[in-house]
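Notes for the one structure printed next.
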């Protein structure tokens with residue numbers, strides 16, 4: 017017991033009081049200093065602003081690059097439309113032949129040799145039938161021969177061996193079926209039978225009847 021009348025506390029009690037006195041101060045301070053508290057609440061605000069600025073710069077750069085590409089494409093298309101077409105080399109043409117008057121005219125076409133008609137025809141157009149003789153040239157007939165020719169009409173030719181002609185006499189109202197050498201009206205004789213015509217012999221004159 018001390019001279020003041022108070023009992024001196026033992027050392028264990030002093031240590032316990034010291035521990036109890038520090039605990040409220042630690043709880044009041046929150047265990048975090050004011051310097052570190054601001055950085056934890058804001059999560060480094062300067063770094064966030066830098067990230068946002070970097071994203072904005074990339075977007076602007078992409079937009080500028082796209083605009084340059086589109087401008088280049090437009091200039092290239094415009095240059096293709098404005099540029100003239102390449103010239104096609106032309107082969108040198110032969111100069112036109114001069115005319116006798118000194119005036120240059122078009123070149124004359126080369127002469128083409130045409131084949132003759134006689135060389136192109138292999139056979140006659142009209143071939144004779146049984147007799148095979150050519151038709152006689154027409155001569156001026158007498159009046160009796162003309163009268164007989166006007167009344168006789170060839171109505172048909174029958175091919176065969178020998179060929180036969182069908183001749184109608186309009187005046188006598190009679191039809192003749194005759195072959196070469198047989199007589200008809202007025203003593204006329206059938207002289208030749210062709211494809212579509214016949215030749216009659218009337219007193220030495222030739223009368224031709226056609227279909």
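In our numbering, the protein residues as written are 17 to 227. The C-beta atom is built at its ideal place from N, Cα and C for all residues, glycine as well. The structure displayed is predicted, hence computed values, not measured ones.
{"Item": "8 Å Cβ cutoff met for residue 174 and residue 183", "Value": "no"}
{"Item": "Nearest neighbour of residue 226, chosen from 30, 96, 156 and 170 [CA to CA]", "Value": "170"}
{"Item": "Bridge partners - residue 190, DSSP secondary structure assignment", "Value": "185"}
{"Item": "According to DSSP, residues forming a beta bridge with residue 199", "Value": "205"}
{"Item": "Integer Cβ distance of residue 216 from residue 207, believed to fall under 8 Å", "Value": "6 Å"}
{"Item": "Straight-line Cα distance separating residue 204 from residue 181", "Value": "14 Å"}
{"Item": "Other residues of its chain near residue 220: CB distance less than 6 Å, five sequence neighbours each side excluded", "Value": "none"}
{"Item": "CB of residue 224 within 8 Å of CB of residue 213, strictly", "Value": "yes"}
{"Item": "Spatial distance of residue 99 from residue 90 (CA atoms)", "Value": "14 Å"}
{"Item": "Limits of the unbroken beta strand (DSSP E) element including residue 168", "Value": "168 to 174"}
{"Item": "Reference residue 191; option with closest CA among 211, 159, 209 and 167", "Value": "167"}
{"Item": "Boundaries (first-last residue) of the beta strand (DSSP E) holding residue 226", "Value": "221 to 226"}
{"Item": "Closest residue to residue 158 among 218, 79 and 92 (Cα-Cα distance)", "Value": "218"}
{"Item": "Limits of the unbroken beta strand (DSSP E) element including residue 217", "Value": "213 to 218"}
{"Item": "Per-residue burial, residue 35 [other beta carbons within 10 Å of its own, 16 or more giving buried]", "Value": "exposed"}
{"Item": "Reduced DSSP secondary structure (H/G/I, E/B, other) of residue 147", "Value": "Unreliable placement is indicated for residue 147, whose pLDDT of 41 sits below 50; the coordinate value is still reported in the next sentence. Coil, per DSSP."}
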